[in-house]
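Colleague:
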């Protein structure tokens, strides 16, 4: 993220350089521990077909800013997550993380332990992960 003021709604996106194979119709969860200062964050799953065409996505809402200071423990940080079923023609996914400006100066963020996992059909919360 560049220094200075970030306009409200200005975004920046980061994603894995590699694709992860998925099974169409299977349920997955993506999450990460985050801390944001003067910006918001989103966790996104991007679905791709066998020809590497983007065919959809599933994302959390934009969350934050959190502004947690004083050397927090990992357990003190928010862990946004999204649970979604891979589309019928999905072959791959990428994990994507986005940040959005709030109009304040010098925003920054941390992201820890991004995770992508297969979960049971009907899973609604992280606690229901096996």
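Residue numbers (our numbering): 154 to 283. We put the CB at the ideal spot given by N, CA and C, even for glycine.
1. Going by DSSP in three states, residue 226 sits in which element: helix, strand or coil?
2. What does DSSP give as the partner residues of residue 189 in its beta bridges?
3. Between which two residues does the beta strand (DSSP E) carrying residue 252 extend?
4. Find out if the Cβ-Cβ distance for the pair residue 188, residue 251 is shorter than 9 angstroms.
5. Rounded to whole angstroms, how far is the Cβ of residue 246 from the Cβ of residue 172, which I believe are closer than 8 angstroms?
6. Ordered along the chain, which non-local residues of its own chain (more than five positions away) have a Cβ less than 6 angstroms from that of residue 169?
7. Ordered along the chain, which non-local residues of its own chain (more than five positions away) have a Cβ less than 6 angstroms from that of residue 163?
8. I need the boundaries of the beta strand (DSSP E) containing residue 207, first residue and last residue.
9. Between which two residues does the beta strand (DSSP E) holding residue 168 run?
Modeller: According to the data block:
1. coil
2. Note: residue 189 sits in a beta bridge opposite 262.
3. 245-254
4. no
5. 7 angstroms
6. 247 and 248
7. 254
8. 207-212
9. 164-168
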